[in-house]
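Its first residue numbered 66, the sequence shown is counted upward by one per residue in our numbering.
Here a beta-carbon is modelled for each residue, glycine too, at the ideal position from N, C-alpha and C.
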Amino acid sequence: MSTSNLKYSYKLANQHVLILGGSSGIGFAVAEAAFEQGAHLVLSSSNQTKLDSAVARLKEAYPTQAEKQTITTVVGDLSDAHNLDKTFESIFQTATSNGSHKLNHIVTTAGDGINFPSVDETSAQVVYNTLNVRFVAPAVMAKFIPKHMETSNSSSVTLTSGALTRKPSPGRFLVGGLGASVEGLARGMAVDLAPVRVNTVAPGAVKTEIFNFIPKEMRETVFQSMRDGSLTGTMGTPEDLAESYVYLMKDHFVTGAVIDSNGGFPFK
């Protein structure tokens, strides 16, 4: 069978994919997977240096794809809630080459550092800060989608929640609530933006840079406790999670769904 006749491996060929949070962690792995399968990429994060590094890594890993597929970058600070309209206007103008084409898929894995306040430490400002990047930003983004995405069930938006929504741990009540709010937002967006599909991936413990706030000498102990809490006895990798996001791009009949990739965390 020739490459042009492949129905599955090249389903993303020549698709335009915007990844918010695409310079590292899970977002970068999604970028790798989509690029490997023929997509044109737009990577966005708040740091141009990290974006440049991500592009260099992709081009080094996939030199053949880099000759015929494009990688565009755009800086966007999703934590600045007061300027989100301006930020998204810039992101979408860049992502669509000023309207010369439309997007096929959007993935957001963007997130800032999460605080884990106890109940008695919680304030309104702490709650607002926790919601900004993961909930407020995609909610504001929704109004740009009809203009900048192909209006089809082959188009998709994928948000990111987390396993603590299923099984909150002590001291993590705010993060559990955040995940539930993201999943509810995605279901509502799936209704209002149809036929564009909107889904959520809920990762469990995935070994990424997000754990760098833990002192290095304590990290392995924390990681082992996460392995012990899963049925697989492992932590996830960004490459594991990338499969879930790519699946949601490629299955044109799934919307309003949540894909759990967590090692069976809620069942142990």
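Residue state for Met300 is assigned as coil, using DSSP reduced to three classes. Looking from the CA of Gln134, the closest CA among His166, Asp185, Phe153 and Phe100 belongs to Phe100. Going by beta carbons, Lys76 and Lys315 fall inside the 8 angstroms limit. Shown here for Ser155: same chain residues with a beta carbon closer than 7 angstroms to its own, the five before and five after excluded, namely Val139 and Gly141 in chain order. Residue pairing by DSSP places Asp177 opposite no residue, since no beta bridge is assigned to it. Contact annotation: Asn169 and Ser220 have beta-carbon atoms nearer than 8 angstroms.
Pairing Ile84 with Gly241, the inter-Cα distance amounts to about 24 angstroms.
Gly227 and Gly253 do not touch by the CB rule: their CB atoms are close to 19 angstroms apart, not below 8 angstroms.
In this structure, DSSP gives Ser246 a helical state, which the three-state scheme calls helix. In the three-state reduction of the DSSP assignment, Pro331 falls in the helix class. Judged by DSSP in its simplified three-state form, Pro268 adopts strand. By the Cβ test, the segment 298-311 is not in contact with the segment 121-132, since fewer than three Cβ pairs between them sit closer than 8 angstroms. Assigned with DSSP and collapsed to three states, Arg262 falls in strand. Counting along the chain, the unbroken alpha helix (DSSP H) around Asp117 starts and ends at Gln113 to Ala126. Counting the other Cβ atoms within 10 Å of the Cβ of Tyr73 gives fewer than 16, which makes it exposed. Excluding residues up to 5 positions away in sequence, Phe153 and Phe157 lie with their Cβ nearer than 7 angstroms to the Cβ of Phe209 in the same chain. With a contact defined as Cβ atoms closer than 8 angstroms, Asn197 and Ala146 qualify at about 5 angstroms. When beta bridges are read from the DSSP output, Val82 appears opposite Leu106 and His170. Non-local C-beta neighbours of Leu296 in its own chain, meaning closer than 7 angstroms and more than five positions away in sequence, comprise Gly328, Gly329, Phe332 and Lys333, ordered along the chain.
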